[in-house]
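**Student:** Using full-length UniProt numbering, read the sequence shown as starting at 1 and increasing by one per residue.
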Amino acid sequence: MASVQRMSALAREISEKTDIITEYLRSKGLDAASFDVNGLAEFPIPPEDEAPFKARLDLAGATKELFDISVGPKQGLRDLGWECTNTLSLQAIWEFRVAEVVPLEGTISYEDLTGKVEALNSLPIGVLNLRRLLRHAMTNRIFCEPVKNQVGHTRTSQLLLENEPLNNWAGFMSHDLWLPLANVVNAMRKWPASDEPSETSVNMAYNQSLPWFDFIQQDQELAKRYNLAMKSHGGSSGYSIEYVVKGYPWADLGDATVVDMGGNQGYVSLAIAEAFPNLRFVVQDQAGMRTAETIGTVPEHLAQRVKLTTHDFFTPQTEFAKCYFLRMIFHGFSDKYCIKIMQALVPALRKGSRIVINDGALPEPGTVGYLEERSMRTLDLLMQVTVNAREREVDDWTELFARADQRYRVRRVWKPERSAMSFIEAEWTGE
Ligand SMILES: C[S@@+](CC[C@H](N)C(=O)[O-])C[C@H]1O[C@@H](n2cnc3c(N)ncnc32)[C@H](O)[C@@H]1O
Numbered sequence: 001m002a003s004v005q006r007m008s009a010l011a012r013e014i015s016e017k018t019d020i021i022t023e024y025l026r027s028k029g030l031d032a033a034s035f036d037v038n039g040l041a042e043f044p045i046p047p048e049d050e051a052p053f054k055a056r057l058d059l060a061g062a063t064k065e066l067f068d069i070s071v072g073p074k075q076g077l078r079d080l081g082w083e084c085t086n087t088l089s090l091q092a093i094w095e096f097r098v099a100e101v102v103p104l105e106g107t108i109s110y111e112d113l114t115g116k117v118e119a120l121n122s123l124p125i126g127v128l129n130l131r132r133l134l135r136h137a138m139t140n141r142i143f144c145e146p147v148k149n150q151v152g153h154t155r156t157s158q159l160l161l162e163n164e165p166l167n168n169w170a171g172f173m174s175h176d177l178w179l180p181l182a183n184v185v186n187a188m189r190k191w192p193a194s195d196e197p198s199e200t201s202v203n204m205a206y207n208q209s210l211p212w213f214d215f216i217q218q219d220q221e222l223a224k225r226y227n228l229a230m231k232s233h234g235g236s237s238g239y240s241i242e243y244v245v246k247g248y249p250w251a252d253l254g255d256a257t258v259v260d261m262g263g264n265q266g267y268v269s270l271a272i273a274e275a276f277p278n279l280r281f282v283v284q285d286q287a288g289m290r291t292a293e294t295i296g297t298v299p300e301h302l303a304q305r306v307k308l309t310t311h312d313f314f315t316p317q318t319e320f321a322k323c324y325f326l327r328m329i330f331h332g333f334s335d336k337y338c339i340k341i342m343q344a345l346v347p348a349l350r351k352g353s354r355i356v357i358n359d360g361a362l363p364e365p366g367t368v369g370y371l372e373e374r375s376m377r378t379l380d381l382l383m384q385v386t387v388n389a390r391e392r393e394v395d396d397w398t399e400l401f402a403r404a405d406q407r408y409r410v411r412r413v414w415k416p417e418r419s420a421m422s423f424i425e426a427e428w429t430g431e
């Protein structure tokens with residue numbers, strides 16, 4: 001009977017949480033997220049409105065559990081086995097740029113749409129093939145068929161058109177990482193327990209020997225897609241840059257320079273610089289990430305305080321600063337390489353220098369909500385796919401610094417509320 005009780009409890013929870021959300025929305029005259037073509041792409045509930053914000057996360061967890069129970073273990077496992085077809089239909093839509101040729105208003109027949117998709121791609125695809133891919137994607141609410149044989153946009157398919165980072169995220173995951181994902185186990189057999197970034201499923205899938213970042217820099221298209229995909233990831237709930245801006249006491253650094261190591265195109269530093277006028281930023285990344293086009297993206301009013309430069313963080317740091325900031329860097333490397341990065345920083349450190357890390361800290365299993373747990377576990381797997389690295393638990397961070405150099409002292413590790421990432425703050429106790 002326990003399962004029957006659980007179903008009833010979940011149904012009650014779902015009803016209660018839905019009430020909290022809908023009452024909040026009604027009181028503000030707001031709508032819920034919707035797949036209607038002109039609907040809201042996400043709930044208009046800011047994290048500061050804690051009760052409805054949390055209710056939505058709880059609702060997602062509870063509906064998922066009730067859904068799983070109603071499907072049952074047997075069918076659930078069978079369905080899980082073919083979930084990869086979700087990636088297939090998404091990949092085809094992204095690759096063939098279907099969203100571009102479906103009208104934003106009204107619908108188009110499969111025959112006409114196939115003609116347009118074929119012309120756009122200079123490739124015979126066939127009505128049947130396109131139709132079955134689209135009808136599968138529709139089960140994920142990507143496009144709709146309101147009248148038989150007529151295809152229209154949903155809010156989700158429309159996002160592929162209007163949200164460039166999200167479109168690149170879809171392409172990066174379904175196109176660039178798909179073969180690697182299918183080769184993780186093969187790579188584990190070929191290079192058992194490897195912590196080398198050039199012995200990954202990406203090396204296996206693309207039959208090449210470069211580490212991930214060198215590999216993507218060889219291909220401008222891929223590098224651009226990766227950058228935009230990261231931007232989209234940075235924009236998702238829990239990874240909002242707001243948690244970086246508000247989650248660390250930046251003002252306490254005073255008039256200081258922050259070196260943002262592996263800072264990509266500087267979008268995190270730019271956001272912090274906007275909020276803290278006393279800070280200057282040196283955003284370091286690899287040369288391949290610095291094109292005239294991207295350097296030009298620093299807004300004029302911040303150009304004096306935010307500089308995009310190049311530096312390989314495995315080589316001795318030459319920029320002297322009060323604070324070294326590394327966001328989403330260490331989770332990209334195995335311990336061996338994290339220690340190298342920490343050691344290469346030492347020549348620039350002076351007593352009291354701060355090292356501020358903003359990165360994942362894995363929760364204990366089952367201690368956070370479903371969406372957060374799932375996202376952290378997925379990220380942890382993806383770290384293995386591309387770079388043979390991992391997410392870390394709180395204690396792992398202290399151990400890592402100690403192994404790099406005993407003169408590092410971890411001051412504290414904390415996770416700003418609602419943030420998916422933690423801050424790890426260390427200081428240099430040497431001279
Ligand atoms: C996951 S991204 C994180 C970007 C940024 N810090 C953020 O929070 O969005 C990792 C970044 O590290 C950079 N990177 C990788 N290897 C590097 C190296 N050896 N030296 C400097 N940057 C590197 C990559 O180009 C990429 O921009």
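No residue lacks a Cβ here, since even glycine has one placed at the ideal position from N, Cα and C. Model, not experiment: these values are computed from the prediction.
Determine the direct distance from the alpha carbon of Ala137 to that of Arg390, and round the result to whole angstroms.
**Tutor:** 31 angstroms
**Student:** Output the residue ranges of the alpha helix (DSSP H) runs that lie fully inside the region 106-136 and measure 4 residues or longer, sorted by chain position.
**Tutor:** 110-121
**Student:** Enumerate in chain order the residues of its own chain whose CB-to-CB distance from Pro347 is below 7 angstroms, with the five nearest sequence positions on each side excluded.
**Tutor:** Pro316 and Gln317
**Student:** Would you say Thr386 and Arg409 are within 8 angstroms of each other, going by their C-beta atoms?
**Tutor:** It is not a contact, given that the beta carbons lie outside the stated cut-off.
**Student:** Hey, would you say Ile357 sits closer than 8 angstroms to Ile272, going by beta carbons?
**Tutor:** no
**Student:** By Cβ distance below 7 angstroms, which residues in the same chain neighbour Leu10 in space, the five residues on each side in sequence not counted?
**Tutor:** Ala62, Glu65 and Leu66
**Student:** Do three or more CB pairs link the region 254-266 to the region 197-205 at distances below 8 angstroms?
**Tutor:** no
**Student:** Taking contact to mean at least 3 C-beta pairs separated by less than 8 angstroms, is the region 240-257 in contact with the region 166-182?
**Tutor:** no
**Student:** Does the distance between the C-beta of Ile329 and the nearest non-hydrogen atom of ligand 1 fall short of 7 angstroms?
**Tutor:** yes
**Student:** Which full runs of the alpha helix (DSSP H) of 4+ residues lie inside the region 216-291, going along the chain?
**Tutor:** Counting whole runs of 4 or more residues, the region 216-291 contains the alpha helix (DSSP H) stretches 220-234, 241-247 and 267-275.
**Student:** Of the residues Phe281, Asn168, Leu90 and His153, which one's Cα is nearest the Cα of Leu222?
**Tutor:** Asn168
**Student:** Going by the DSSP bridge assignment, what does Leu40 pair with across the sheet?
**Tutor:** Ala33
**Student:** Since Lys351 contacts Phe314 with CB under 8 angstroms, what's their CB separation in whole angstroms?
**Tutor:** Contact flag wrong, Cβ pair sits at about 24 angstroms.
**Student:** State buried or exposed for Asn38, treating a residue as buried only when at least 16 other CB atoms are found within 10 Å of its CB.
**Tutor:** Counting other Cβ atoms within 10 Å of its Cβ, Asn38 stays below 16 and is therefore classed as exposed.
**Student:** Buried or exposed: which applies to Pro211, given that a residue is buried once 16 or more other Cβ atoms fall within 10 Å of its Cβ?
**Tutor:** buried
**Student:** Let me know the secondary structure DSSP gives Trp191 once reduced to three states.
**Tutor:** coil
**Student:** Consider the Cβ of Gly81: report whether some Cβ of chain B lies at a distance smaller than 8 angstroms.
**Tutor:** The structure shown contains no chain B; it holds only a single protein chain.
**Student:** Whole-angstrom Cβ separation of Val127 and Thr114, contact assumed at under 8 angstroms?
**Tutor:** With a beta-carbon spacing of about 5 angstroms, Val127 and Thr114 fall inside the 8 angstroms limit used to define contacts.
**Student:** Out of Arg377, Gln384 and Met342, which one is the CA nearest neighbour of Leu400?
**Tutor:** Met342
**Student:** Nearer than 7 angstroms: is that true of the beta carbon of Gly254 relative to any heavy atom of ligand 1?
**Tutor:** No; taking the cut-off as 7 angstroms, the Cβ of Gly254 has no heavy atom of ligand 1 nearer than that.
**Student:** Between which two residues does the beta strand (DSSP E) holding Gln150 run?
**Tutor:** From DSSP, the beta strand (DSSP E) with Gln150 extends over Gln150 to Gly152.
**Student:** For a test of the three-state rule: what should DSSP assign to Asp176, helix, strand or coil?
**Tutor:** helix
**Student:** Is any heavy atom of ligand 1 found at a distance shorter than 7 angstroms from the C-beta of Asn121?
**Tutor:** No, the Cβ of Asn121 stays beyond 7 angstroms of every heavy atom of ligand 1.
**Student:** Beta-carbon within less than 6 angstroms of Val394's beta-carbon, same chain only, minus the 5 sequence neighbours each way: which residues are those?
**Tutor:** Ala361 and Val413
**Student:** Just grab the DSSP bridge partners of Asn358 for me.
**Tutor:** Looking at the DSSP output, Asn358 bridges to Arg327 and Phe423.
**Student:** Could you tell me the alpha carbon to alpha carbon distance between Leu326 and Ile355, rounded to whole angstroms?
**Tutor:** 8 angstroms
**Student:** Should Gln150 be listed as close to ligand 1, given that the test is whether its C-beta is under 7 angstroms from any heavy atom?
**Tutor:** no
**Student:** If Leu159 sits next to Ala41, beta carbons under 8 angstroms apart, how far is it from one beta carbon to the other, in whole angstroms?
**Tutor:** 6 angstroms
**Student:** Can you check which of these residues, Pro277, Ile20, Asp285 and Lys116, is closest to Ala303 by C-alpha distance?
**Tutor:** For Ala303, the nearest C-alpha among the options comes from Pro277.
**Student:** Answer with buried or exposed for Lys28, where buried requires no fewer than 16 other C-beta atoms within 10 angstroms of its C-beta.
**Tutor:** exposed
**Student:** I need the DSSP call for Val306, collapsed to helix, strand or coil.
**Tutor:** strand
**Student:** Among Asn388, Ile20 and Ala426, which residue has its Cα nearest to the Cα of Gln406?
**Tutor:** Ala426
**Student:** By the 10 Å Cβ neighbour count, where 16 or more other Cβ atoms means buried, how is Arg320 classified, buried or exposed?
**Tutor:** Contrary to the premise, residue 320 reads as Phe rather than Arg in this sequence. Around the C-beta of Phe320, fewer than 16 other C-beta atoms lie within 10 Å, and the residue is accordingly described as exposed.
**Student:** Near Met204, which residues of its chain fall below 6 angstroms by C-beta distance, leaving aside the five closest residues on each side in sequence?
**Tutor:** The beta carbon of Met204 sits closer than 6 angstroms to the beta carbons of Asn183, Asn186 and Ala187 from its chain, once the five residues preceding and following it are set aside; these are given in chain order.
**Student:** Classify Trp414 as helix, strand or coil using the three-state DSSP reduction.
**Tutor:** Per DSSP, reduced to three states, the secondary structure at Trp414 is strand.
**Student:** Using the C-alpha atoms, what's the distance from Glu118 back to Leu104?
**Tutor:** 19 angstroms
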